[in-house]
Amino acid sequence: MKDIQAEISKDRRAFIKKVLGGTIAGSLLLVIPAGAMDIPEQIAGMLEEDGPFIIKKKFAFIVDITRCIGCGSCCVADKNEYNVPDGNYRTWVERYVIDVDDNVYVDSPSGGLEGYQVPREDVAQDTIRDTFFVPKLCNMCEKPSCVQVCPVGATYQTEDGFVLIDQKRCVACSYCVQACPYSVRFINPVTKTADKCTWCYHRVRKGLLPACVNVCPVKARLFGDLNDKESEVYKILHQPHVISVLKPGMGNEPSLHYVGLRREVV
Amino acid sequence: MQSNYRSKYNTHLIRIIIILVALAVVGLGVRAMMVPKDFGKYGHYRAGAIQDEMDREIRNGTNASCLPCHPYIKEMHFSGVHKTVSCEFCHGPVADHIKDDQVIAKLPKKQGQKIKTLCLRCHNQIIRARPKESIKMIAMPQHLEDKKVRLDHTCDQCHNVHAPLMWVKQARAMMGVIEEETKQ
């Protein structure tokens, strides 16, 4: 009898423990803010940034040409993320072929979306000196020409350095498309507004890496905070590497940096 | 002398002034209607546009959005050399698969020759722009000839797409073959 009593009281304790545990766990679920789905943050501390601008971080994007293998996974992720209409590219990968006579051939069939399956037919294989891939995307200029020319204030630069487009104000006059020195802008045939890469602003604000950075299998695309001296981008930009931006003479001061950028590309 | 020539009638001036004032009122009214209230709060743009951009739907997740439900794949994928390949590159965005914690559709699986096309996006040796040290390059169809298999074989008949060397290693262990490891 005593044994049974002991058993019951032991069970009671266990039961109460379980109920309490369940309640606490349940209430915790309510307390934890429902962030970007239920995926852990990739950029630590972004969920604390709740103001209109990102205050604590200064983002930079680095593309490493020496690493890119031209698989096009970035282009696939980008198309999936934004449902980019066929024939338009927010990001794309160019293939550079240089022959022994230093002629440069550049192509980008369907923006690299299908990857590069076949070599260029118009260049003889035995005359090729060098081949490499160059991913292109919005340069997020510190002095953006596109913002300057927009007549309706639809393209703007936030205080944290992102150049974005107000889809409700844009009248698709295409001034910005012409003004961009890097040709990253296009008129989206579905929304009938200007469109371009945003470095996945909506993902970054929720603590996720840009879609292309997230899928790159060889770490050719890096995204990080320059205020964090331990971050990979800070280290790369403060090392004696060959780092460059595209068309530095235009004076747009891009925040997109290239590692191993070649003379033929700049 | 001069004042004699001055007209006593100034209705033409009044008319112009009335028209200008009316135009200004209409113009300001239209402007007030057309320009959003929060325009110019932070700069020459609509302040709410930042929130609009922030509210864009996240369609690609991360690997962490797939792995909790696919633990076996997780174990296999991250033990192999394909561990840096993201789930969504081959399978598609998580938003097409899960909505509000419910499975809404199956993501399409690449099969047959499409698998081969997918593999060769990265591993095609003839595209000579790939750093050899980072990934293994395969020349087709020489690779199939070397391995003495039919030329219409697809890659996934020998290689598990998640852990490409898993079956190869298992087969070698079963057959007691150790060489070839360092070859190629």
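Each protein sequence line maps, in turn, to chains A and B. With the numbering used here applied, the first sequence covers 1 to 266. With the numbering used here applied, the second sequence covers 1001 to 1184. Just so it is clear, CB atoms sit at the ideal spot from N, CA and C, and this is done for glycine as well.
A distance below 8 angstroms separates the beta carbons of glycine 260/A and aspartate 64/A.
By the criterion of a C-beta distance shorter than 6 angstroms, glycine 1061/B is surrounded in its chain by Val1094, once the five residues flanking it on both sides are discounted.
In the three-state scheme derived from DSSP, where H, G and I count as helix and E and B as strand, threonine 131/A is classed as strand. A Cβ-Cβ separation of about 4 angstroms places serine 255/A in contact with methionine 140/A under the 8 angstroms criterion. Taking all protein chains in view, the Cβ of glycine 70/A is crowded by 16 or more other Cβ atoms within 10 Å, so the residue is classified as buried.
In this structure, glutamine 167/A places its C-beta atom within 8 angstroms of the C-beta atom of threonine 191/A. The continuous stretches of alpha helix (DSSP H) do not include phenylalanine 61/A, which lies in the beta strand (DSSP E) extending over residues 59-64. As for any alpha helix (DSSP H) of minimum length 4 sitting wholly inside the segment 203-234 of chain A, the runs are 211-215, ordered along the chain. Per DSSP, asparagine 1124/B lies in no beta strand (DSSP E) segment and is marked neither H nor E. A distance below 8 angstroms separates the beta carbons of alanine 77/A and phenylalanine 1089/B. Taking C-beta separations shorter than 7 angstroms and ignoring five residues to either side along the sequence, the partners of tyrosine 82/A in its chain run Arg90, following chain order. Within chain A, no C-beta atom comes nearer than 7 angstroms to that of isoleucine 1115/B; the closest sits roughly 13 angstroms away. For leucine 1120/B, the secondary structure class from DSSP, reduced to helix, strand or coil, is helix.
Straight across, the Cα-Cα distance linking cysteine 1066/B with valine 1103/B is about 12 angstroms. For the segment 210-241 of chain A, the beta-carbon criterion of a distance under 9 angstroms to any beta-carbon of chain B is satisfied by Ala211, Asn214, Val215, Cys216, Pro217, Val218 and Lys219. Taking a beta-carbon distance threshold of 8 angstroms, asparagine 80/A counts as an interface residue toward chain B.
Cβ-Cβ distances below 8 angstroms link glutamate 264/A to Tyr96, Ile98 and Val104 in the same chain, with the five nearest sequence neighbours on each side left out; the list follows chain order.
Put simply, the CB of asparagine 1160/B is far from chain A, with every gap to its CB atoms at 8 angstroms or more. Taken in chain order, the complete alpha helix (DSSP H) segments of 4 residues or longer contained in the segment 1138-1174 of chain B are 1142-1146. With respect to tryptophan 199/A, phenylalanine 61/A sits close: the two C-beta atoms are nearer than 8 angstroms.
For histidine 1012/B, the secondary structure class from DSSP, reduced to helix, strand or coil, is helix. A Cβ-Cβ distance of about 7 angstroms is found for the pair valine 266/A and lysine 247/A, placing them in contact under the 8 angstroms criterion. Here lysine 136/A is bridged, per DSSP, to Trp92/A. Proline 144/A counts as buried, since no fewer than 16 other beta carbons sit within 10 angstroms of its beta carbon. Taking all protein chains shown into account, tyrosine 1045/B has 16 or more neighbouring C-beta atoms within 10 Å of its C-beta and is therefore buried. Of all residues in the segment 127-161 of chain A, only Ile128, Asp130, Thr131, Phe132, Phe133, Val147, Cys150, Gly153, Ala154, Thr155, Tyr156, Gln157, Thr158 and Glu159 place a beta-carbon less than 9 angstroms from a beta-carbon of chain B.
Residue-level contact check: alanine 77/A touches chain B, since one or more beta carbons of chain B fall below 8 angstroms from its beta carbon. Comparing alpha-carbon positions, the option among Leu1120/B, Gln1111/B and Lys1109/B lying closest to glutamate 114/A turns out to be Leu1120/B. For serine 1086/B, the nearest beta carbon of chain A is closer than 8 angstroms to its own beta carbon.
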